[in-house]
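Asks: For the sequence shown, full-length UniProt numbering assigns the number 1 to the initial residue and increments by one for each residue that follows. Structure in structure tokens, see below.
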Amino acid sequence: MEKMKHIIESLPNETGWSLYQPYCLYQGFWCFPDFLEGIMLAQECFKPEPGDIFICSHPKSGTTWLKALTFAIINRHRYHFDDSSNPLLSKGPHDCVFFLEQRKFIGKFRQPGVPLIATHTPYSSLPKSVLDSDDCKIVYICRDPKDTFVSLFHFIDKRRPKHIEPVSIEQGFELFCEGKSIFGPIWDHILGYWKASLERPNKVMFLKYEDMRKDSALYVKKLGEFMGYSFSAEEQHNVTLQKIVELCSFENLRGLEVNKTGVQVNRIVPHPVANQDYFRKGKVGDWSNYLTPEMAQRLDKIMERKFYGSGLTFKN
């Protein structure tokens, strides 16, 4: 651990988002030191088990929802949807599916009997053991970067210590467009998983938040097939798919008592995080309430330039 700390201390760092600690540049992406220790430890020590499924995302791109959906799909025969014993009704999704980056804080990578592990780590910086394995899979979700930025800005603002001067949305936007945001640049993060999904479609599934919102039942079915938990013909004709969609809907999760009043402890960051902070709006296109047309056009053009030739677009 001392070796890791020395490496982290030597990395370039930024303080632009005015949070509890600077964030540093490691292997081409920006990250908090507290996250980075867990990432480096995973790169060095983690060994995937057959059947492991990695839930990957850039922060504020639908991580919470995807955790809930995949957990519900895998455990649909273990827990009844409206049974009080269902963990999704008594715990937040982040307490049902652990983050790989949390390893040094919780002492274990996965929950017993749950083959799901989440991470915000870019594809190229995942543990080599994961990239080389043919026995584990990766599900990646991304979102229109404009909505990702707005969600990230509000989340960070809530986490900001009160004695620190807030960052304006214009300042945050400038940093985001420069690629200086947590786990950014966002274009590199998205492209890494996109290219991997084209090269290794049986290992990497690439999802867009907007598509999933349009037809959630369809993507629940696709997720089940990809992860190896396919729905039977009977399940497809009864209410099983819809029950999962309803259980994991933004509105239902936000309305649960645990997500209104509960907090996360033993997290990567040194302060508890209220579960309700993960349920702000979840709407597609909410960026239009915060960004000027000029800001939106600027970010769109950046993404078009970065994605040029890749076949990836966020245009409707």
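Ideal Cβ positions, reconstructed from N, Cα and C, are used throughout, including at glycine.
Measure the alpha-carbon distance for E165 versus Q21 and round it to whole angstroms.
Replies: Cα to Cα, E165 sits roughly 14 Å from Q21.
Asks: Between the Cα of I8 and the Cα atoms of G28, E14, L36 and I55, which residue gives the shortest distance?
Replies: The shortest C-alpha separation from I8 is found at L36.
Asks: Out of K203, D82 and P59, which one is the CA nearest neighbour of F153?
Replies: Answer by Cα proximity: P59.
Asks: When the Cβ atoms of the segment 126–137 are set against those of the segment 45–59, are three or more pairs found closer than 8 Å?
Replies: At 8 Å Cβ cutoff, the stretches touch.
Asks: Inspect the beta-carbon positions of Y193 and Y140 and report whether they are closer than 8 Å.
Replies: Yes, the Cβ-Cβ distance between Y193 and Y140 is below 8 Å.
Asks: Got a sec, what are the start and stop residues for the beta strand (DSSP E) T119 sits in?
Replies: Looking at the DSSP string, the run of the beta strand (DSSP E) that includes T119 is L116 to T119.
Asks: Check whether the Cβ atoms of Y102 and G172 lie closer than 8 Å to each other.
Replies: Tyr is not the amino acid found at residue 102; the sequence shown has Gln there. Not a contact, by the Cβ cut-off of 8 Å.
Asks: Specify, as a first and last residue, the run of the beta strand (DSSP E) that W17 falls within.
Replies: Note, W17: premise wrong, no beta strand (DSSP E); not H, not E.
Asks: Please state the DSSP three-state secondary structure of Y229.
Replies: Three-state result, Y229: coil.
Asks: When DSSP builds the beta bridges, which residues end up paired with I141?
Replies: Answer is S57 and L207, bridged to I141.
Asks: Distance check for I53 and E235, CA to CA, integer angstroms please.
Replies: The straight-line gap from Cα to Cα measures roughly 22 Å.
Asks: So, C56 versus T148, is the Cβ gap smaller than 8 Å?
Replies: Cβ distance not < 8 Å, so C56 and T148 don't count as in contact.
Asks: Here's a check: name, in chain order, each residue in its chain whose Cβ is nearer than 8 Å to the Cβ of Q242, leaving out the five neighbours to either side.
Replies: Contacts found: A217.
Asks: Please work out which residues of its chain come closer than 8 Å, Cβ to Cβ, to S124, disregarding the five sequence neighbours upstream and downstream, and give them in chain order.
Replies: Closer than 8 Å at Cβ, skipping near neighbours: Q27, G28 and G192.
Asks: Express the C-alpha separation of I186 and G179 in angstroms, rounding to a whole number.
Replies: Answer to the nearest angstrom: the Cα atoms are 7 Å apart.
Asks: Expressed to the nearest angstrom, what Euclidean distance is found between the alpha-carbon atoms of F307 and L253?
Replies: Spanning the two alpha carbons is a distance of roughly 33 Å.
Asks: What first and last residue would you give for the alpha helix (DSSP H) that runs through W65?
Replies: Unbroken alpha helix (DSSP H) run through W65: T63 to I74.
Asks: Less than 8 Å between the C-beta atoms of S197 and F206, yes or no?
Replies: Cβ atoms of S197 and F206: closer than 8 Å.
Asks: Taking all protein chains shown into account, decide if N202 is buried (16 or more other Cβ within 10 angstroms of its Cβ) or exposed.
Replies: Counting Cβ neighbours within 10 Å, N202 comes out exposed, since fewer than 16 surround it.
Asks: How long is the line joining the alpha carbons of K146 and E257, rounded to whole angstroms?
Replies: If you take the alpha carbons of K146 and E257, they lie about 30 Å apart.
Asks: Should T292 go down as buried or exposed, given a rule of 16 or more other Cβ atoms within 10 Å for buried?
Replies: T292 comes out exposed.
Asks: Which of the three DSSP states, helix, strand or coil, is assigned to C248?
Replies: C248: coil per DSSP, three-state reduction.
Asks: Residues in its own chain within less than 6 Å of L247 by CB, not counting five upstream and five downstream?
Replies: Closer than 6 Å at the Cβ level, and outside the excluded window around L247, lie A72 and F81.
Asks: Could you tell me the boundaries of the beta strand (DSSP E) in which F29 lies?
Replies: Here the beta strand (DSSP E) through F29 covers F29 to C31.
Asks: S181 and W30 look like a contact to me (Cβ under 8 Å); what is the Cβ gap, rounded to whole Å?
Replies: Between W30 and S181 the Cβ distance is about 6 Å, and since that is below 8 Å, they are a contact.
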